[in-house]
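Accompanying notes for the structure given below.
2 protein chains.
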Amino acid sequence: MKPLRILIADDHELVRKGLRAVLDGQGGWSICGEAVNGRQAVELARQLKPDVLVMDVTMPELNGLEATRQIRKELPKTEVLILTVHESEQLVGEVLAAGARGYILKGDTTRLLVAAVEAIAQHKPFFTGTASEVVLGGYFRPGQPPRKESRDLPRLTAREREIVQLLTEGRSNKEAATTLGISVKTVDAHRANIMHKLNLHSVTDLVRYAIRNTIITA
Amino acid sequence: MKPLRILIADDHELVRKGLRAVLDGQGGWSICGEAVNGRQAVELARQLKPDVLVMDVTMPELNGLEATRQIRKELPKTEVLILTVHESEQLVGEVLAAGARGYILKGDTTRLLVAAVEAIAQHKPFFTGTASEVVLGGYFRPGQPPRKESRDLPRLTAREREIVQLLTEGRSNKEAATTLGISVKTVDAHRANIMHKLNLHSVTDLVRYAIRNTIITA
DNA sequence: CTTCCTCTAGGGTAAATCACCTAGGTGCCT
DNA sequence: AGGCACCTAGGTGATTTACCCTAGAGGAAG
Chain A
236 MKPLRILIAD DHELVRKGLR AVLDGQGGWS ICGEAVNGRQ AVELARQLKP DVLVMDVTMP
296 ELNGLEATRQ IRKELPKTEV LILTVHESEQ LVGEVLAAGA RGYILKGDTT RLLVAAVEAI
356 AQHKPFFTGT ASEVVLGGYF RPGQPPRKES RDLPRLTARE REIVQLLTEG RSNKEAATTL
416 GISVKTVDAH RANIMHKLNL HSVTDLVRYA IRNTIITA
Chain D
236 MKPLRILIAD DHELVRKGLR AVLDGQGGWS ICGEAVNGRQ AVELARQLKP DVLVMDVTMP
296 ELNGLEATRQ IRKELPKTEV LILTVHESEQ LVGEVLAAGA RGYILKGDTT RLLVAAVEAI
356 AQHKPFFTGT ASEVVLGGYF RPGQPPRKES RDLPRLTARE REIVQLLTEG RSNKEAATTL
416 GISVKTVDAH RANIMHKLNL HSVTDLVRYA IRNTIITA
């Protein structure tokens, strides 16, 4: 097995050092280059043709999403692992659409990072956290074109989003029920469904979800 | 000259690895510990009494600002270098008020990071980017009491902000009580006080307050 | 037509929170 | 020394949520 060649792209030198510390040398892997923005990532990928590209999303000049699109079009053999701080469903969708096969958070353990690179290198998708749920939630339908209205909140129904908004705006179940003219138990059921769907465990999680997905504003 | 002992605090393992890669061994320096949140940073600082504490701002359980306040009060000999992605004047002001003597961005070069630790170790302030401008802009008026920037979080005590963070991160009263080692009833009392002080009426209001005031992030 | 999803709503029990109250100890400032 | 803010913590009772179920009506999709 030839040694795995990894290109890393992150505008933060500190993170690049961290990636080097974690990935370089690991099981015969080698970091073949470092890019400080998306544009450079595209250039270096063209030159170096790495097996795996570990890339941040928010970078100057050209963001990781655009860079991924360009690279995946030109170099289908190079697999892209997106490394980001953000965990929003919208972003996961865009990442998938851009052609990345992996999505991992900067807050995840480096063990997970290694596992992700390992999977990606074998052309297996790798997603963490909510990302995996979005994928499992039927986002990927092989052969099918990606769902069109996928940028929003594909997993919640209109009614559920309505409920989310009312609840996260500070209304109790009872108040929401009154506003909607339905039973408290119904709101309760919706609430439970929503929590389960999104794998959340507290109202505050729900509020953060709502803010991240621009259902409400902080 | 005795070797410099550095404690690092960041919730991202990747960043900790990066910090290790950059700082450990550098000119006889040694990383004496790693904290994954502000609370642990306070604990470890108490135990290890490091010369320098390199600390992130946004961390779970207890953010870097609160941690800095507590540490600077208890261990004036330990200098705190704030390491963050955010570059806002408001934050710089808060950092200064909290007692940190240094402020550096994650996007800065690691060379600058080393220089910052060097300066901090000799009890010289070190600020980069807009931070330095804020400092030079007369934030520090020797002799004068620090400007009463009372618009933000003057109304909550340190303990209350601590509680707010825990609650808005999704912990129940009981869980918060456990992490703080106090009674549920105490948390309950704090909670009621906070709600009353801020004239809020639901947990979700509290979450939005916390996000707006950067106690936590969405 | 059957199946699946959504919205609706109920029962029941356990847990948590809200909204009141009181009150002791500590530390700081005057 | 006294006052004051803060942290602590208990009581009580009402209200709300959490979490487990079931289940019918209506619509969309197979």
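Keeping their order, the protein sequence lines are chains A and D. Letter by letter, the first sequence follows residues 236 to 453 of my numbering. Letter by letter, the second sequence follows residues 236 to 453 of my numbering. Ideal Cβ placement from N, Cα and C applies to all residues, glycine included. These numbers come from a predicted model, not from an experiment.
Contacts around residue i, its chain only, beta-carbon distance under 8 Å, and the 5 residues preceding and following it disregarded
i, result
"Leu441 of chain D", "Val399, Leu402, Thr403, Ile429, Met430, Leu433, Leu435"
"Leu283 of chain D", "Arg240, Leu242, Cys267, Gly268"
"Ser265 of chain A", "Pro238, Leu239, Arg240, Ile241, Asp259"
Short Cβ contact (7 Å threshold) for residue i with residue j
i, j, result
"Gly337 of chain A", "Leu310 of chain A", "no"
"Ile355 of chain D", "Glu314 of chain D", "yes"
"Asp246 of chain D", "Val287 of chain D", "no"
"Ala351 of chain A", "Lys252 of chain D", "no"
"Arg443 of chain A", "Ala393 of chain D", "no"
"Ile339 of chain A", "Leu348 of chain A", "yes"
"Val419 of chain D", "Ala412 of chain D", "yes"
"Thr439 of chain D", "Gly334 of chain A", "no"
Rounded separation between residue i and residue j - CA only
i, j, result
"Glu395 of chain D", "Ile446 of chain D", "15 Å"
"Lys341 of chain A", "Val289 of chain A", "11 Å"
"Gln379 of chain D", "Val422 of chain D", "Reliability fails at Gln379 of chain D, whose pLDDT of 38 lies under 50, so the model's placement of it is uncertain and no value is given."
"Val292 of chain A", "Phe362 of chain D", "27 Å"
"Ser437 of chain D", "Pro238 of chain A", "56 Å"
"Leu326 of chain A", "Ala244 of chain A", "18 Å"
"Thr319 of chain A", "Gln261 of chain D", "28 Å"
"Glu322 of chain A", "Asn448 of chain A", "10 Å"
"Thr345 of chain D", "Ile451 of chain A", "38 Å"
"Leu279 of chain D", "Glu353 of chain A", "34 Å"
"Pro417 of chain D", "Asp259 of chain A", "It should be pointed out that residue 417 of chain D corresponds to Ile in this sequence rather than to Pro. The alpha-carbon atoms of Ile417 of chain D and Asp259 of chain A are separated by roughly 45 Å."
"Lys312 of chain D", "Val250 of chain D", "25 Å"
"Leu391 of chain D", "Glu410 of chain D", "21 Å"
Buried versus exposed, by CB contacts within 10 Å (16 or more), residue i
i, result
"Gly263 of chain A", "exposed"
"Gln305 of chain A", "buried"
"Gly299 of chain A", "buried"
"Glu248 of chain A", "buried"
"Pro295 of chain A", "exposed"
"Arg307 of chain A", "buried"
"Gln357 of chain D", "exposed"
"Pro285 of chain A", "buried"
"Thr414 of chain A", "exposed"
"Thr303 of chain D", "buried"
"Glu329 of chain D", "buried"
"Arg281 of chain A", "exposed"
"Ala276 of chain D", "buried"
"Glu397 of chain D", "buried"
"Arg386 of chain D", "Only weak support exists for where Arg386 of chain D lies, its pLDDT of 39 falling under 50; the value from the coordinates is given anyway. Under this definition Arg386 of chain D is an exposed residue."
"Glu324 of chain A", "buried"
Contacts around residue i, its chain only, beta-carbon distance under 6 Å, and the 5 residues preceding and following it disregarded
i, result
"Pro360 of chain A", "Arg336"
Same chain, Cβ closer than 7 Å to residue i, five either side skipped, listed in chain order
i, result
"Arg274 of chain D", "Glu296, Leu297"
"Asp343 of chain A", "Thr363"
"Asn200 of chain D", "Look at the range of chain D in this structure, 236 to 453, and you will see that residue 200 of chain D is not part of it."
Mind listing, in chain order, the continuous alpha helix (DSSP H) runs of no fewer than 4 residues lying wholly within the stretch 319-343 of chain A?
-> 324-333
Quiz item: Which full runs of the alpha helix (DSSP H) of 4+ residues lie inside the stretch 381-447 of chain A, going along the chain?
Solution: 393-403, 408-415, 419-433, 438-447
Review point. Whole alpha helix (DSSP H) runs in the stretch 283-319 of chain A with 4 or more residues, listed along the chain?
Key: 299-309
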